[in-house]
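Below is one structure, written out as C-alpha cells, with a few remarks after it.
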Amino acid sequence: MRVISKRPIREFWTRHPEAQPALQDWYRRLSQCAATSFPELRQTFGSADYVDGYVIFDVGGNKYRIATVIHFDKQRAYVRAVMAHAEYDRNRWRRT
C-alpha cells in the first residue's frame, strides 16, 4: 500500500522524538501491506479501528494515533493526522 504522505509523520516525530521508531515501524508495515478490505487490514493491524470514515491506528503501545483515509481499491492510505492519545481523545483530529 502506498502511504500518502509521510510528512505529517515526520513532523510529529520531530516534536516527539521518542515516537520515531514506532512511527517508522508503522510506516514500513503499512507500506508492505496489500490488504484489500478493512477486515483484511485487521489481520496485520489488530488494533486498527474504523471511525466515521477514518481508519485509526494505535501506534507505540497505545501512546499515539494515526488517522488515515484508506482507498483499498487504489492501495493508497492518506495520513490525515498523527497525534498523541490525549489529542485523539479531544476529537479535534476530525476537523483536519
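238 is the number of the first residue of the sequence shown in my numbering; add one for each residue after it.
Beta carbons: idealized from backbone N, C-alpha and C, even for Gly.
Owing to the predicted nature of the structure, the values given are computational and were not obtained by experimental measurement.
Using DSSP's beta-bridge definition, name the partner residues of residue i.
i           : result
residue 318 : 304
residue 313 : 239 and 308
residue 226 : The structure shown does not extend to residue 226, since the chain is modelled only from 238 to 333, so the question has no answer here.
Is it buried or exposed for residue i, if we count other Cβ within 10 angstroms and need 16 for buried?
i           : result
residue 333 : With a pLDDT of 49 at residue 333, under the threshold of 50, the modelled position of this residue cannot be trusted, and the question is left open.
residue 302 : buried
residue 288 : exposed
residue 271 : exposed
residue 306 : exposed
residue 323 : exposed
residue 319 : buried
residue 298 : exposed
For residue i and residue j, which I take to be in contact (beta-carbon distance under 8 Å), what is that distance rounded to the nearest angstrom?
i           : j           : result
residue 291 : residue 313 : 14 Å between Cβ atoms; not a contact.
residue 241 : residue 264 : About 11 Å separates the two Cβ atoms, so there is no contact after all.
Could you give the first and the last residue of the continuous alpha helix (DSSP H) run that contains residue i?
i           : result
residue 265 : 257-269
residue 276 : 275-281
residue 244 : 244-252
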